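S.K.: So the sequence shown is numbered by the working numbering: it starts at 12 and just counts up by one. Don't be surprised by glycine CBs; every beta carbon is placed ideally from N, CA and C. From a predicted model like this one, the values you see are computed outputs, not experimental measurements.
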Amino acid sequence: MNRHEFENKNGSDWKAFELQLESSKGKKSTLDSHKLPSRFRKICYDLSLAQYRMFGQQICDRLNGLAIVGYRQIHRKRSAFGEGFLRFFLRTFPVAFRREWKLFAVVSFVFLGPFFAMWCSADKEIQWVQALLGAEAMSDIEGMYGKEADSVEYLRQEHGSNFMMFAHYINNNVGIDFRIFAGGIFFGIGTLFFLIYNGLYLGAVVGYVEYSGDPELLWKFVAGHSSFELLGMLVVGMAGLKVGFALLAPGQFTRGEALTRAGRGGLPLLIGGACMTTLAAVVEGFWSSQPIDTNLKYMVGIAFWILHLLYFGFVGRGRAWNLKK
Numbered sequence: 012m013n014r015h016e017f018e019n020k021n022g023s024d025w026k027a028f029e030l031q032l033e034s035s036k037g038k039k040s041t042l043d044s045h046k047l048p049s050r051f052r053k054i055c056y057d058l059s060l061a062q063y064r065m066f067g068q069q070i071c072d073r074l075n076g077l078a079i080v081g082y083r084q085i086h087r088k089r090s091a092f093g094e095g096f097l098r099f100f101l102r103t104f105p106v107a108f109r110r111e112w113k114l115f116a117v118v119s120f121v122f123l124g125p126f127f128a129m130w131c132s133a134d135k136e137i138q139w140v141q142a143l144l145g146a147e148a149m150s151d152i153e154g155m156y157g158k159e160a161d162s163v164e165y166l167r168q169e170h171g172s173n174f175m176m177f178a179h180y181i182n183n184n185v186g187i188d189f190r191i192f193a194g195g196i197f198f199g200i201g202t203l204f205f206l207i208y209n210g211l212y213l214g215a216v217v218g219y220v221e222y223s224g225d226p227e228l229l230w231k232f233v234a235g236h237s238s239f240e241l242l243g244m245l246v247v248g249m250a251g252l253k254v255g256f257a258l259l260a261p262g263q264f265t266r267g268e269a270l271t272r273a274g275r276g277g278l279p280l281l282i283g284g285a286c287m288t289t290l291a292a293v294v295e296g297f298w299s300s301q302p303i304d305t306n307l308k309y310m311v312g313i314a315f316w317i318l319h320l321l322y323f324g325f326v327g328r329g330r331a332w333n334l335k336k
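The following block contains the structure:
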């Protein structure tokens, strides 16, 4: 193989690698970013071959320059975990959320519809609520939110320390998130089912408390962590539906390729939603369950809801949030 044959055979690969590096410099996400390591290895191999066969300084200089830039591009994130962490929460996650706002509308409707329907039904047909909750759940609800209940004391008897409460809520939240996301593999049906079920169940809890308990005990308990828990669950639901829709309508791709692309695109939603439900468990275990003034709990809860709305609506817009790569 002579110099011209070598250049004609591999020139398209060099150009693709060069364009990918330029795209990364311009802070644009590319669909084939996972190909960067393999393309880098190909550049290094071609550089060594060109030097060995003495194909000329022009080709060697070009390949050497691509290899240097490629090396920096691949290894830059390994030494900057904090930068990557900030970039994820200050840009990647909120941008991914806004990009999939239609999925958020869908999961919100699927969850909130059954929630309010079951809540309102408690005034007319309490039997539906009782049938859904069951005797054990109603006993737990009365222990925490009954007219004569002491929520703090009940939680202390059930879980002991704040850390044990936190661990219990982590286990519960992670289990819900896993089922919601994993349900997406069944063409989204599983995700929709678990969102509907959780909406019905939580609506039944609220309805039953208003029917036979003390609603203020419930609202002051959930005020602080409700935004983290509910929004986190819906965000995970967005990731699950993204996978389900990709399998249902793969378009020009095979279902395997569509699943891979959807998984990659939904990963920021899954990670972000899981982090939100983890924070919900922290607030639930170390704040919501504490004997703190009711008005203060309400104010903190409202502040968290406002901060979440501002975060998803505005964070990550413009160049100010485009952290240096």
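How about Y156 and G224: are their beta carbons less than 8 Å apart?
M.R.: Here the question's residue 156 lines up with position 145 in the sequence shown. Here the question's residue 224 lines up with position 213 in the sequence shown. Yes.
S.K.: Cα-Cα, which of G276, L206, G67 and F198 is closest to I191?
M.R.: Looking up residue 191 in the sequence shown gives position 180. It is L206 whose Cα lies nearest to the Cα of I191.
S.K.: Relative to the C-alpha of L47, which candidate in N75, M175 and R83 has its C-alpha closest?
M.R.: Translated into positions along the sequence shown, residue 47 becomes position 36. The residue with the shortest Cα to Cα distance from L47 is R83.
S.K.: Pick helix, strand or coil for G329, following the three-state DSSP scheme.
M.R.: Taking the sequence shown and counting its residues from 1, the one referred to as residue 329 is at position 318. In this structure, G329 counts as coil in the three-state DSSP scheme.
S.K.: Taking just the CA atoms, how far does A291 sit from G312?
M.R.: Within the sequence shown, numbered from 1, the residue matching residue 312 stands at position 301. Within the sequence shown, numbered from 1, the residue matching residue 291 stands at position 280. Taking the straight line joining both Cα atoms gives about 11 Å.
S.K.: What is the DSSP secondary structure of G67, counted as helix, strand or coil?
M.R.: Within the sequence shown, the letter at position 56 stands for residue 67. Looking at G67 - three-state DSSP - the assignment turns out to be coil, as it is neither helix nor strand.
S.K.: With K253 as the anchor, note down where its alpha helix (DSSP H) starts and where it stops.
M.R.: Sequence index remark: in the sequence shown, residue 253 carries index 242 (1-based). Note, K253: alpha helix (DSSP H), S237 to L259.
S.K.: Check this for me: beta carbons of A193 and V247, under 8 Å apart or not?
M.R.: For this step, residue 193 is matched to residue 182 along the sequence shown. For this step, residue 247 is matched to residue 236 along the sequence shown. Not closer than 8 Å, so no.
S.K.: Starting from A133, trace the alpha helix (DSSP H) both ways and give me its first and last residue.
M.R.: The sequence position of residue 133 within the sequence shown is 122, counting from 1. That residue, A133, is in no alpha helix (DSSP H); it is neither H nor E in DSSP.
S.K.: Assuming K46 is part of the alpha helix (DSSP H), what are its boundary residues?
M.R.: Mapped onto the sequence shown, residue 46 falls at position 35. Counting along the chain, K46 falls outside any alpha helix (DSSP H), and DSSP gives it neither H nor E.
S.K.: Check whether the stretch 17–31 touches the stretch 49–58, taking contact to mean three or more Cβ pairs, one atom from each stretch, closer than 8 Å.
M.R.: These segments touch.
S.K.: For G351, which residues does DSSP report across the bridge?
M.R.: What is shown of the chain runs 12 to 336, which leaves residue 351 out entirely.
S.K.: Counting C-beta neighbours from all protein chains within 10 Å, is the total for K135 16 or more, i.e. buried, or is it exposed?
M.R.: As a first step, residue 135 is located in the sequence shown; it is residue number 124 there, counting from the start. By the neighbour-count rule (16 or more Cβ atoms within 10 Å), K135 is not buried but exposed.
S.K.: Suppose contacts are defined by Cβ-Cβ distances below 8 Å. Is R109 in contact with F323 by that definition?
M.R.: Position 98 of the sequence shown, counted from the first residue, corresponds to residue 109. Position 312 of the sequence shown, counted from the first residue, corresponds to residue 323. Yes, Cβ-Cβ distance for R109 and F323 is below 8 Å.
S.K.: Let me check one thing: in DSSP terms, what residues is G157 bridge-paired to?
M.R.: Numbered from 1 along the sequence shown, position 146 holds the residue referred to as residue 157. Beta-bridge pairing links G157 to G224.
S.K.: Kindly indicate which residue of L258, A178 and L58 has the alpha-carbon position closest to the one of T294.
M.R.: Taking the sequence shown and counting its residues from 1, one reaches residue 294 at position 283. The question names Thr, but residue 294 in the sequence shown is Val. Here the closest residue by C-alpha is A178.
S.K.: Report the option in A250, H319 and Q68 whose CA atom is closest to the CA atom of R275.
M.R.: On the sequence shown, position 264 is the one that residue 275 refers to. Nearest option by C-alpha distance: A250.
S.K.: Quick one, which of L245, M244, A273 and L242 has its alpha-carbon nearest A257's?
M.R.: Residue 257 sits at position 246 when you count from the first residue of the sequence shown. Nearest of L245, M244, A273 and L242 to A257, Cα basis: A273.
S.K.: Are the C-beta atoms of L213 and some chain C residue less than 8 Å apart?
M.R.: The chain inventory of the structure shown lacks chain C, comprising one protein chain alone.
S.K.: Going by DSSP in three states, N21 sits in which element: helix, strand or coil?
M.R.: As a first step, residue 21 is located in the sequence shown; it is residue number 10 there, counting from the start. It is helical.
S.K.: For L307, is the classification buried or exposed, using 16 other Cβ atoms within 10 angstroms of its Cβ as the cut-off for buried?
M.R.: On the sequence shown, residue 307 is found 296 positions in, with the first residue counted as 1. Per the 10 Å Cβ criterion, exposed.
S.K.: Following the continuous alpha helix (DSSP H) through G283, name the residue where it begins and the one where it ends.
M.R.: Taking the sequence shown and counting its residues from 1, the one referred to as residue 283 is at position 272. Taken as a continuous stretch (DSSP letters only), the alpha helix (DSSP H) holding G283 covers R266 to V294.
S.K.: Does DSSP put G81 in a helix, a strand or coil?
M.R.: Within the sequence shown, numbered from 1, the residue matching residue 81 stands at position 70. If DSSP states are grouped into helix, strand and coil, G81 belongs with the helices.
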